[in-house]
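Following: one structure in C-alpha coordinates, then a few remarks.
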Amino acid sequence: MMLKVMSINVKLRNFANCKISYTDDNDIMNFLTDTISYINRRFENLKKEPLCLFRIFDISKWPFDVQQLALHGMHEIRKLMNEYLNEHFTEVEIDEILGQFTDFKVKCRHLKSENVVQVMSSYILQESVKDTAFAKLIECIMSISISTASCERGFSHMKTVKTTLRSTMTQYNLKNQLLVMNEGPELSQFKSDASIEHWLLSSETTRHFNHHKLPGPRSKDRNNQNLNIQDENDNAVFDVEFQKDA
257 MMLKVMSINV
267 KLRNFANCKI
277 SYTDDNDIMN
287 FLTDTISYIN
297 RRFENLKKEP
307 LCLFRIFDIS
317 KWPFDVQQLA
327 LHGMHEIRKL
337 MNEYLNEHFT
347 EVEIDEILGQ
357 FTDFKVKCRH
367 LKSENVVQVM
377 SSYILQESVK
387 DTAFAKLIEC
397 IMSISISTAS
407 CERGFSHMKT
417 VKTTLRSTMT
427 QYNLKNQLLV
437 MNEGPELSQF
447 KSDASIEHWL
457 LSSETTRHFN
467 HHKLPGPRSK
477 DRNNQNLNIQ
487 DENDNAVFDV
497 EFQKDA
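Under my numbering, the first residue of the sequence shown is numbered 257, with each subsequent residue one higher.
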(Lines of atoms letter the chains of each structure in order from A; the text may use other names.)
(Lines give C-alpha, C1' and ligand atoms only; values in the text may rest on other atoms or scores of the structure.)
Protein backbone atom coordinates (compact mmCIF):
# COMPACT_ATOMS: atom_id res chain seq x y z
CA MET A 257 0.00 0.00 0.00
CA MET A 258 1.99 2.94 -1.30
CA LEU A 259 0.68 6.39 -0.55
CA LYS A 260 1.85 9.40 -2.48
CA VAL A 261 1.38 13.10 -1.89
CA MET A 262 -0.28 14.69 -4.88
CA SER A 263 0.09 18.37 -5.62
CA ILE A 264 -3.51 19.40 -5.26
CA ASN A 265 -4.78 22.89 -4.62
CA VAL A 266 -7.29 22.30 -1.79
CA LYS A 267 -8.32 25.50 -0.07
CA LEU A 268 -8.25 25.51 3.72
CA ARG A 269 -10.15 28.74 4.13
CA ASN A 270 -12.85 30.22 1.98
CA PHE A 271 -11.95 33.84 2.47
CA ALA A 272 -11.79 36.12 -0.54
CA ASN A 273 -8.58 37.81 0.53
CA CYS A 274 -6.94 34.92 2.38
CA LYS A 275 -6.59 31.71 0.39
CA ILE A 276 -4.28 29.06 1.82
CA SER A 277 -3.61 25.79 0.00
CA TYR A 278 -1.85 22.56 1.00
CA THR A 279 0.88 23.21 -1.52
CA ASP A 280 1.63 26.61 -0.01
CA ASP A 281 1.65 25.49 3.60
CA ASN A 282 5.00 23.78 4.27
CA ASP A 283 4.07 22.71 7.80
CA ILE A 284 1.05 20.76 6.65
CA MET A 285 2.98 19.29 3.74
CA ASN A 286 5.76 18.12 6.07
CA PHE A 287 3.21 16.65 8.47
CA LEU A 288 1.45 14.73 5.68
CA THR A 289 4.74 13.49 4.27
CA ASP A 290 5.96 12.24 7.64
CA THR A 291 2.61 10.57 8.35
CA ILE A 292 2.58 8.78 5.00
CA SER A 293 6.19 7.68 5.44
CA TYR A 294 5.37 6.24 8.85
CA ILE A 295 2.36 4.34 7.50
CA ASN A 296 4.45 2.90 4.67
CA ARG A 297 7.14 1.76 7.11
CA ARG A 298 4.55 0.42 9.56
CA PHE A 299 2.88 -1.83 6.97
CA GLU A 300 5.98 -2.61 4.94
CA ASN A 301 5.96 -6.26 6.04
CA LEU A 302 2.62 -6.77 4.31
CA LYS A 303 4.41 -6.47 0.98
CA LYS A 304 7.00 -9.11 1.92
CA GLU A 305 6.79 -12.87 2.07
CA PRO A 306 5.16 -14.83 3.54
CA LEU A 307 2.39 -12.33 4.38
CA CYS A 308 1.96 -11.16 0.79
CA LEU A 309 1.31 -14.77 -0.27
CA PHE A 310 -1.91 -14.84 1.73
CA ARG A 311 -3.50 -12.37 -0.69
CA ILE A 312 -4.60 -15.32 -2.82
CA PHE A 313 -7.34 -15.96 -0.24
CA ASP A 314 -8.84 -12.50 -0.74
CA ILE A 315 -12.03 -13.48 -2.56
CA SER A 316 -12.80 -9.94 -3.66
CA LYS A 317 -9.60 -9.86 -5.76
CA TRP A 318 -10.23 -13.14 -7.60
CA PRO A 319 -10.55 -12.91 -11.42
CA PHE A 320 -13.99 -13.38 -12.97
CA ASP A 321 -12.75 -15.54 -15.85
CA VAL A 322 -13.01 -19.24 -15.01
CA GLN A 323 -9.74 -20.21 -16.68
CA GLN A 324 -7.84 -17.43 -14.95
CA LEU A 325 -9.45 -18.37 -11.64
CA ALA A 326 -8.31 -21.98 -12.05
CA LEU A 327 -4.67 -20.84 -12.26
CA HIS A 328 -5.02 -18.04 -9.72
CA GLY A 329 -2.84 -18.49 -6.63
CA MET A 330 -1.42 -21.90 -7.53
CA HIS A 331 2.18 -20.65 -7.65
CA GLU A 332 1.75 -18.71 -4.40
CA ILE A 333 0.20 -21.59 -2.47
CA ARG A 334 2.94 -23.98 -3.61
CA LYS A 335 5.57 -21.53 -2.43
CA LEU A 336 3.73 -20.96 0.83
CA MET A 337 3.46 -24.66 1.61
CA ASN A 338 6.92 -25.74 0.44
CA GLU A 339 8.99 -22.88 1.87
CA TYR A 340 7.14 -21.56 4.93
CA LEU A 341 4.67 -24.18 6.21
CA ASN A 342 6.48 -27.38 5.30
CA GLU A 343 7.22 -28.11 8.97
CA HIS A 344 3.52 -28.17 9.82
CA PHE A 345 2.28 -30.28 6.91
CA THR A 346 3.41 -33.56 5.40
CA GLU A 347 4.08 -34.00 1.69
CA VAL A 348 0.83 -35.89 1.31
CA GLU A 349 -1.11 -33.05 2.97
CA ILE A 350 0.58 -30.46 0.73
CA ASP A 351 -0.53 -32.37 -2.38
CA GLU A 352 -4.07 -32.58 -0.98
CA ILE A 353 -4.16 -28.84 -0.25
CA LEU A 354 -3.40 -27.98 -3.88
CA GLY A 355 -6.48 -29.89 -5.02
CA GLN A 356 -8.64 -28.64 -2.16
CA PHE A 357 -7.69 -25.04 -2.93
CA THR A 358 -9.21 -25.47 -6.38
CA ASP A 359 -12.40 -26.81 -4.82
CA PHE A 360 -12.44 -23.84 -2.45
CA LYS A 361 -12.25 -21.40 -5.38
CA VAL A 362 -15.05 -23.16 -7.23
CA LYS A 363 -17.43 -23.10 -4.27
CA CYS A 364 -16.66 -19.57 -3.09
CA ARG A 365 -16.15 -17.65 -6.34
CA HIS A 366 -19.72 -16.30 -6.17
CA LEU A 367 -19.16 -14.81 -2.70
CA LYS A 368 -16.97 -11.87 -3.64
CA SER A 369 -19.12 -9.40 -1.72
CA GLU A 370 -19.13 -11.46 1.49
CA ASN A 371 -16.77 -11.12 4.43
CA VAL A 372 -13.67 -13.26 3.82
CA VAL A 373 -13.39 -14.45 7.43
CA GLN A 374 -17.03 -15.54 7.53
CA VAL A 375 -16.68 -17.35 4.21
CA MET A 376 -13.61 -19.25 5.40
CA SER A 377 -15.21 -20.09 8.75
CA SER A 378 -18.35 -21.44 7.09
CA TYR A 379 -16.35 -23.40 4.53
CA ILE A 380 -14.12 -25.30 6.99
CA LEU A 381 -17.15 -26.22 9.14
CA GLN A 382 -18.60 -28.35 6.36
CA GLU A 383 -18.57 -32.07 7.08
CA SER A 384 -16.55 -32.85 3.97
CA VAL A 385 -13.92 -30.20 4.73
CA LYS A 386 -13.47 -29.80 8.50
CA ASP A 387 -11.05 -32.74 8.91
CA THR A 388 -8.96 -32.03 5.80
CA ALA A 389 -5.50 -30.52 5.48
CA PHE A 390 -6.98 -27.44 3.81
CA ALA A 391 -9.10 -26.74 6.90
CA LYS A 392 -5.90 -26.95 8.96
CA LEU A 393 -4.29 -24.41 6.62
CA ILE A 394 -7.25 -22.02 6.96
CA GLU A 395 -7.03 -22.26 10.75
CA CYS A 396 -3.33 -21.35 10.55
CA ILE A 397 -4.14 -18.34 8.38
CA MET A 398 -6.92 -17.13 10.66
CA SER A 399 -4.66 -17.41 13.73
CA ILE A 400 -2.22 -14.79 12.38
CA SER A 401 -2.53 -11.62 14.43
CA ILE A 402 -3.30 -8.54 12.38
CA SER A 403 -1.62 -6.27 14.91
CA THR A 404 0.78 -6.27 17.86
CA ALA A 405 -1.98 -5.38 20.32
CA SER A 406 -2.00 -8.85 21.91
CA CYS A 407 1.77 -8.70 22.54
CA GLU A 408 1.53 -5.23 24.03
CA ARG A 409 -1.39 -6.35 26.19
CA GLY A 410 0.74 -9.23 27.47
CA PHE A 411 3.56 -6.89 28.49
CA SER A 412 1.03 -4.68 30.29
CA HIS A 413 -0.26 -7.69 32.22
CA MET A 414 3.29 -8.72 33.11
CA LYS A 415 3.98 -5.24 34.45
CA THR A 416 0.84 -5.51 36.58
CA VAL A 417 1.74 -8.94 37.97
CA LYS A 418 5.52 -8.63 38.37
CA THR A 419 5.81 -5.64 40.68
CA THR A 420 8.72 -4.61 42.92
CA LEU A 421 6.87 -6.13 45.88
CA ARG A 422 6.81 -9.57 44.22
CA SER A 423 10.52 -9.96 43.51
CA THR A 424 10.55 -13.57 44.76
CA MET A 425 7.95 -14.75 42.27
CA THR A 426 9.24 -17.71 40.27
CA GLN A 427 9.13 -17.89 36.51
CA TYR A 428 6.68 -20.80 36.75
CA ASN A 429 4.13 -18.79 38.75
CA LEU A 430 4.59 -15.73 36.53
CA LYS A 431 3.93 -17.80 33.41
CA ASN A 432 0.78 -19.35 34.89
CA GLN A 433 -0.62 -16.03 36.08
CA LEU A 434 0.00 -14.40 32.70
CA LEU A 435 -1.68 -17.34 31.01
CA VAL A 436 -4.75 -16.87 33.20
CA MET A 437 -4.86 -13.12 32.58
CA ASN A 438 -4.41 -13.43 28.81
CA GLU A 439 -6.35 -16.62 28.00
CA GLY A 440 -8.38 -17.33 31.12
CA PRO A 441 -12.15 -17.04 31.53
CA GLU A 442 -13.91 -13.84 32.42
CA LEU A 443 -14.17 -12.92 36.07
CA SER A 444 -17.94 -13.53 36.05
CA GLN A 445 -17.34 -17.13 34.88
CA PHE A 446 -14.55 -17.91 37.37
CA LYS A 447 -15.53 -20.23 40.23
CA SER A 448 -13.26 -19.47 43.15
CA ASP A 449 -14.31 -22.28 45.53
CA ALA A 450 -12.22 -24.96 43.83
CA SER A 451 -9.16 -22.68 43.62
CA ILE A 452 -9.41 -21.66 47.29
CA GLU A 453 -9.78 -25.29 48.34
CA HIS A 454 -6.74 -26.25 46.28
CA TRP A 455 -4.72 -23.42 47.81
CA LEU A 456 -5.68 -24.46 51.34
CA LEU A 457 -4.95 -28.15 50.89
CA SER A 458 -1.86 -28.02 48.66
CA SER A 459 0.52 -26.81 51.37
CA GLU A 460 2.50 -29.09 53.63
CA THR A 461 2.00 -26.63 56.50
CA THR A 462 -0.91 -24.56 57.73
CA ARG A 463 -1.78 -21.60 55.54
CA HIS A 464 -1.74 -18.02 56.84
CA PHE A 465 -3.87 -15.18 55.59
CA ASN A 466 -3.50 -11.60 56.84
CA HIS A 467 -1.29 -12.86 59.71
CA HIS A 468 -3.98 -15.33 60.85
CA LYS A 469 -3.61 -19.09 60.77
CA LEU A 470 -6.25 -20.75 58.64
CA PRO A 471 -7.80 -24.09 59.56
CA GLY A 472 -6.41 -26.84 57.38
CA PRO A 473 -5.09 -30.38 57.35
CA ARG A 474 -2.53 -30.92 60.09
CA SER A 475 0.78 -32.51 59.40
CA LYS A 476 -0.14 -35.32 61.82
CA ASP A 477 -3.18 -36.15 59.73
CA ARG A 478 -1.02 -36.11 56.64
CA ASN A 479 1.43 -38.47 58.28
CA ASN A 480 -1.39 -40.82 59.20
CA GLN A 481 -2.61 -40.75 55.62
CA ASN A 482 0.90 -41.52 54.40
CA LEU A 483 1.17 -44.40 56.84
CA ASN A 484 -2.13 -45.84 55.64
CA ILE A 485 -0.94 -45.63 52.04
CA GLN A 486 2.33 -47.31 52.99
CA ASP A 487 0.43 -50.09 54.77
CA GLU A 488 -1.67 -50.69 51.68
CA ASN A 489 1.47 -50.91 49.54
CA ASP A 490 3.09 -53.35 52.00
CA ASN A 491 -0.02 -55.52 51.99
CA ALA A 492 -0.02 -55.58 48.19
CA VAL A 493 3.63 -56.65 48.13
CA PHE A 494 2.94 -59.33 50.77
CA ASP A 495 0.06 -60.75 48.72
CA VAL A 496 2.28 -61.02 45.64
CA GLU A 497 5.05 -62.82 47.54
CA PHE A 498 2.49 -65.15 49.15
CA GLN A 499 1.12 -66.12 45.76
CA LYS A 500 4.64 -66.87 44.50
CA ASP A 501 5.29 -69.18 47.46
CA ALA A 502 1.98 -70.92 46.92
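Glycine included, each C-beta is placed from N, C-alpha and C at the ideal position.
Quick caveat, the model's predicted, so the values are computed rather than measured.
- Linking residue 435 to residue 456 through their CA atoms gives a straight-line distance of about 22 angstroms.
- Ranked by Cα distance from residue 310, the first of 328, 288, 363, 460 is 328.
- Here residue 431 is exposed. Its C-beta has fewer than 16 other C-beta atoms within 10 Å.
- CA-to-CA, the gap between residue 454 and residue 315 works out to about 51 angstroms.
- Rounded to whole angstroms, the gap between the alpha carbons of residue 433 and residue 346 is 36 angstroms.
- Per DSSP, the unbroken alpha helix (DSSP H) holding residue 334 starts and ends at 330-335.
- Here residue 372 really is in contact with residue 313; their C-beta atoms are around 7 angstroms apart, less than 8 angstroms.
- For the region 302-360, the full-length alpha helix (DSSP H) segments reaching 4 residues or more read 322-327, 330-335 along the chain.
- Bounds of the alpha helix (DSSP H) holding residue 286 are 282-298.
- Distance from the Cα of residue 344 is smallest, within the candidate group 394, 287, 439, 450, for 394.
- Unbroken alpha helix (DSSP H) runs of no fewer than 4 residues, entirely contained in the region 378-425, are found at 389-398, 405-417, following chain order.
- Under the three-state reduction of DSSP, residue 363 is assigned to helix.
- Put simply, the region 346-355 does not touch the region 402-419. Fewer than three CB pairs are less than 8 angstroms apart.
- The region 387-401 makes no contact with the region 409-427; the number of CB pairs closer than 8 angstroms stays below 3.
- Between residue 325 and residue 361, the CB-CB gap stays under 9 angstroms.
- Of the candidates 318, 381, 282, 318 places its Cα closest to the Cα of residue 367.
- In terms of Cβ geometry, residue 397 and residue 376 form a close pair [threshold 9 angstroms].
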